[in-house]
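Report on the structure given below.
Number of protein chains: 2
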Amino acid sequence: MPKRISIVDVAREAGVAISSVSAALNGGPGVSEATRARVRETADRMGWVPSVRGRSLSSKRTRALGLVVQRQAGVLEADPFFAGFIGGVESVLEPAGYALLLQIGRTPEAGADRLRRLGLSGAVDGVFLTDVSVDDPRFPLLDHLHLPAVAVNAPGSMWVSSVTQDHRSGLRDLMEQLISIGHRDIAHVAGTAGLVHSEERASVWRSVLESHGLPLGPVIRGDFTTEAGVRAADTLLGGPRVPTAVVCANDLMAIGFLSRAKALGVRVPDDVSVTGFDGVLLGAHVHPPLTTVMTSPVALGTRAAEVLLASIDGGPRVDETIAPAAVVDRASVAPPRGRAA
Amino acid sequence: MPKRISIVDVAREAGVAISSVSAALNGGPGVSEATRARVRETADRMGWVPSVRGRSLSSKRTRALGLVVQRQAGVLEADPFFAGFIGGVESVLEPAGYALLLQIGRTPEAGADRLRRLGLSGAVDGVFLTDVSVDDPRFPLLDHLHLPAVAVNAPGSMWVSSVTQDHRSGLRDLMEQLISIGHRDIAHVAGTAGLVHSEERASVWRSVLESHGLPLGPVIRGDFTTEAGVRAADTLLGGPRVPTAVVCANDLMAIGFLSRAKALGVRVPDDVSVTGFDGVLLGAHVHPPLTTVMTSPVALGTRAAEVLLASIDGGPRVDETIAPAAVVDRASVAPPRGRAA
DNA sequence: CGATGAAACCGAAACGTTTCGGTAGGGGGA
DNA sequence: TCCCCCTACCGAAACGTTTCGGTTTCATCG
Chain A
35 MPKRISIVDV AREAGVAISS VSAALNGGPG VSEATRARVR ETADRMGWVP
85 SVRGRSLSSK RTRALGLVVQ RQAGVLEADP FFAGFIGGVE SVLEPAGYAL
135 LLQIGRTPEA GADRLRRLGL SGAVDGVFLT DVSVDDPRFP LLDHLHLPAV
185 AVNAPGSMWV SSVTQDHRSG LRDLMEQLIS IGHRDIAHVA GTAGLVHSEE
235 RASVWRSVLE SHGLPLGPVI RGDFTTEAGV RAADTLLGGP RVPTAVVCAN
285 DLMAIGFLSR AKALGVRVPD DVSVTGFDGV LLGAHVHPPL TTVMTSPVAL
335 GTRAAEVLLA SIDGGPRVDE TIAPAAVVDR ASVAPPRGRA A
Chain B
35 MPKRISIVDV AREAGVAISS VSAALNGGPG VSEATRARVR ETADRMGWVP
85 SVRGRSLSSK RTRALGLVVQ RQAGVLEADP FFAGFIGGVE SVLEPAGYAL
135 LLQIGRTPEA GADRLRRLGL SGAVDGVFLT DVSVDDPRFP LLDHLHLPAV
185 AVNAPGSMWV SSVTQDHRSG LRDLMEQLIS IGHRDIAHVA GTAGLVHSEE
235 RASVWRSVLE SHGLPLGPVI RGDFTTEAGV RAADTLLGGP RVPTAVVCAN
285 DLMAIGFLSR AKALGVRVPD DVSVTGFDGV LLGAHVHPPL TTVMTSPVAL
335 GTRAAEVLLA SIDGGPRVDE TIAPAAVVDR ASVAPPRGRA A
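Protein chains in written order, with the working numbering: chain A, 35 to 375; chain B, 35 to 375.
Given below as structure tokens:
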């Protein structure tokens with residue numbers, strides 16, 4: 035077992051004090067360029083990489099950020115958000131020398147508990163908050179822990195910074211478009227109750243209909259899974275009065291709806307128009323290709339990571355916004371029957 | 035700034051030595067039950083959680099496991115494997131008190147480098163190896179670092195433990211099925227060159243055809259993306275001799291193929307049968323629903339985590355196997371034209 | 001030429017835990 | 001009664017870094 039080489043070995047080899055090695059490698063002051071170069075060369079030659087254990091204990095910085103995913107296992111698989119988000123996060127963490135600590139809390143309570151331990155144990159320097167609910171208990175918790183955090187798609191939390199993509203305008207555009215081509219009977223397949231993005235989408239749907247003096251079509255409560263979309267199709271298409279358009283709170287439910295509609299012999303978009311939300315890759319490859327609102331999880335991750343790192347370095351609390359989600363027109367939308375454009 | 039409470043505070047409060055607090059909480063010997071209970075109660079009351087920083091420095095254990103994902107950003111999004119795998123891993127790690135450190139190496143070289151730093155810096159106690167290539171350079175690296183590891187779906191690496199799901203038998207069954215209903219002209223849309231699971235699937239396709247004395251249909255080299263499936267459809271369906279069945283190395287490519295086939299007016303399964311591999315959720319909701327081989331990323335993650343934890347605790351090198359991937363019959367397969375069952 | 005100050009470098013404390021050798025105290029055997 | 005041993009507990013070293021106060025060196029200026 036070859037003893038792990040440490041900073042003392044490098045110091046001895048380079049003929050300087052331990053503190054000088056530290057200063058040299060971290061760009062600190064009080065080190066001549068000649069010494070710095072020599073130390074750097076020695077460290078490289080010996081293949082020394084600072085121990086994150088020693089470093090984190092001493093510097094009170096772990097150089098790791100936490101992400102506690104609060105989702106049921108099933109949803110995670112086809113989830114369009116996290117893969118992209120994590121990719122974006124990593125792209126800024128890597129050059130900054132940070133790592134991402136991932137945990138999964140199957141329930142909100144479990145998630146909050148893991149978050150608490152994460153903070154108390156000092157395992158991370160900051161955390162990302164996703165799937166924020168209204169009055170999320172994690173906010174006061176983080177405040178209590180003095181743990182830097184950034185909330186994703188939950189602006190103005192008053193406690194922590196946030197990075198948000200406007201989802202309202204895109205969905206509003208989509209609704210207006212539907213109405214402009216003649217739809218009057220527009221149903222909504224909603225997401226999990228209590229989540230801010232579920233409520234937000236439902237509220238846009240409602241407000242646009244109201245602003246046009248149109249009746250509120252039926253609302254089916256879903257949970258963002260494909261299965262929920264299937265069930266919604268059963269309910270909506272089997273009902274007495276079939277809407278001419280169905281606005282789903284995400285793509286997965288829309289795809290489930292599409293699938294079930296086809297099985298029931300209901301043609302999309304001829305008999306009913308269907309829209310999604312998110313812009314998953316596969317949405318372009320189902321039939322008909324899904325008209326949706328394209329979100330940007332990667333950009334969200336990138337910006338969130340930047341904000342969080344700045345926040346750790348003592349930056350002020352900020353509320354950032356990235357380019358809004360925009361409508362992507364594909365083929366699952368058409369004028370209602372008997373009113374062809 | 036309320037000073038972080040540490041083990042000394044607990045020791046003072048409980049009226050015992052620091053070492054006794056440690057022993058009491060970690061179940062060590064030399065502590066009476068009465069004292070243990072009192073210490074535990076005191077710690078709980080004060081809300082003390084051991085600092086992972088101090089602990090990891092002292093114990094030479096980080097209680098974190100590393101996963102370096104080597105994939106281009108685009109593939110990650112729709113990827114059916116990682117979400118499930120990570121879910122499975124976490125389900126084991128959480129009760130064990132371990133965390134998962136996630137990193138993304140966009141290229142194999144970058145991935146190997148991140149792995150190297152991860153090991154040298156002592157940031158993790160062990161790592162998961164996925165997307166293993168033949169002669170993967172990470173094996174000798176890990177050996178050099180003395181870092182426990184478990185290879186996923188890459189059995190018999192000689193260097194490290196492995197957990198594997200048999201993918202061959204399922205695909206073989208699928209091929210036999212195709213042949214038994216009359217297909218003689220079977221093409222293959224392969225995955226990224228060099229990856230063991232790409233080569234494995236190609237080799238099953240080849241060997242089954244050979245064992246039946248059938249000609250090897252064309253092979254299109256893909257890269258596991260939906261787009262590659264689209265391109266494969268263009269090539270295969272536009273060629274002079276259209277195969278009667280196309281076996282894709284994964285579902286995403288199969289879905290891309292399906293999508294493009296429909297656009298070209300080629301009917302599936304009437305004109306051509308298409309099969310996938312993986313068993314992504316959405317495969318059941320495309321049209322026609324995709325016949326595929328169902329893999330189990332969650333089970334793989336669960337078992338891999340168990341093996342890795344055991345390996346860290348000094349367990350022997352093992353090669354585990356979980357239940358093989360099995361065919362899921364859906365509607366994208368039918369007898370070739372003019373030979374209806 | 002001596003005082004002054006800055007730059008370069010050093011030594012040691014501190015971070016919070018685990019671990020290990022050591023000590024007091026009490027019960028049991030001879 | 002004496003000795004031994006075991007249990008319960010304590011104190012201090014060790015882990016590998018950063019940080020901070022202190023010391024040397026040397027050029028500059030009066």
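The C-beta atom is built at its ideal place from N, Cα and C for all residues, glycine as well. The structure displayed is predicted, hence computed values, not measured ones.
Asked: Selection from A:H178, A:H201, A:L229 and A:A58 that minimises the alpha carbon distance to Q104 of chain A; Found: A:L229
Asked: Nearest neighbour of A344 of chain A, chosen from A:C282, A:V126, A:G156 and A:R74 [CA to CA]; Found: A:V126
Asked: L91 of chain B, DSSP secondary structure in three states; Found: helix
Asked: CB contact flag (A146 of chain B, R172 of chain B, <7 angstroms); Found: yes
Asked: DSSP beta-bridge partners of A221 of chain A; Found: A:V280
Asked: Alpha-carbon spacing of R255 of chain B relative to G225 of chain B, whole angstroms; Found: 6 angstroms
Asked: Start-to-end residues for the alpha helix (DSSP H) that takes in M287 of chain B; Found: D285 to A297
Asked: DSSP state of G273 of chain B mapped onto helix, strand, coil; Found: coil
Asked: Selection from A:P331, A:A45 and A:S232 that minimises the alpha carbon distance to T69 of chain A; Found: A:A45
Asked: Interface partners of T260 of chain B on chain A, CB under 9 angstroms; Found: L315, L316, A318 and H319
Asked: Amino acids of chain A, ordered along the chain, whose beta-carbon sits closer than 9 angstroms to that of R351 of chain B; Found: Correct list: empty, because the minimum Cβ distance to chain A is about 18 angstroms.
Asked: Listed by chain order, chain A residues near R151 of chain B by CB distance under 7 angstroms; Found: V83
Asked: Endpoints, alpha helix (DSSP H) assigned at L208 of chain A; Found: R202 to S214
Asked: Residue interval of the beta strand (DSSP E) (run including M328 of chain A); Found: T326 to M328
Asked: Extent of the continuous alpha helix (DSSP H) run through L152 of chain A; Found: P142 to L154
Asked: For V223 of chain A and C282 of chain A, believed in contact at Cβ under 8 angstroms, the rounded distance; Found: 4 angstroms
Asked: Residues that Q104 of chain A bridges to, as DSSP identifies them; Found: According to DSSP, which records beta bridges pairwise, Q104 of chain A is partnered with nothing at all.
Asked: Proximity winner among A:Q211, A:E233 and A:D268, relative to H246 of chain A (alpha-carbon distances); Found: A:Q211
Asked: Candidates A:R151, A:G317, A:N60 and A:V158: closest to R97 of chain A by CA position; Found: A:V158
Asked: C-beta contact flag for A221 of chain B and V306 of chain B at 7 angstroms; Found: no
Asked: Closer than 7 angstroms to chain B by CB, S366 of chain A; Found: no
Asked: Within chain B, the residues that Q137 of chain A reaches when beta carbons sit closer than 9 angstroms; Found: E124, L127, E128, A133 and L134
Asked: Reduced DSSP category for R301 of chain A - H, G, I as helix; E, B as strand; rest coil; Found: coil
Asked: Other residues of its chain near V65 of chain B: CB distance less than 7 angstroms, five sequence neighbours each side excluded; Found: S54, A57 and A58
Asked: Nearest-angstrom Cα separation, counted from A77 of chain A out to V50 of chain A; Found: 12 angstroms
Asked: Nearest candidate by alpha-carbon position, reference D404 of chain A, set A:A185, A:T309 and A:L181; Found: Any property of residue 404 of chain A remains undetermined from this structure, which presents chain A solely from 35 to 375.
Asked: Any alpha helix (DSSP H) of 4 or more consecutive residues that is wholly inside the segment 109–137 of chain A; Found: 114–130
Asked: Reduced DSSP secondary structure (H/G/I, E/B, other) of I41 of chain A; Found: helix
Asked: Extent of the continuous alpha helix (DSSP H) to which G335 of chain B belongs; Found: P331 to I346
Asked: Endpoints, the beta strand (DSSP E) within which L176 of chain A is located; Found: From DSSP, L176 of chain A is part of no beta strand (DSSP E) but of the alpha helix (DSSP H) over R172 to L179.
Asked: Euclidean distance between Cα positions of H180 of chain B and R87 of chain A; Found: 17 angstroms
Asked: A288 of chain B, buried or exposed, once every other Cβ within 10 Å from all chains shown has been counted against 16; Found: buried
Asked: Straight-line gap, A375 of chain A to T164 of chain B (C-alpha atoms, nearest Å); Found: Residue placement at A375 of chain A cannot be trusted, given a pLDDT of 45 that sits under 50; what the coordinates show is reported in the next sentence. Approximately 52 angstroms between the Cα atoms of the pair.
Asked: Contact with chain B by I346 of chain A, beta-carbon distance below 7 angstroms; Found: no
Asked: H319 of chain B beta carbon less than 7 angstroms from that of H321 of chain A; Found: no
Asked: Test: E47 of chain A CB closer than 7 angstroms to a CB of chain B; Found: no
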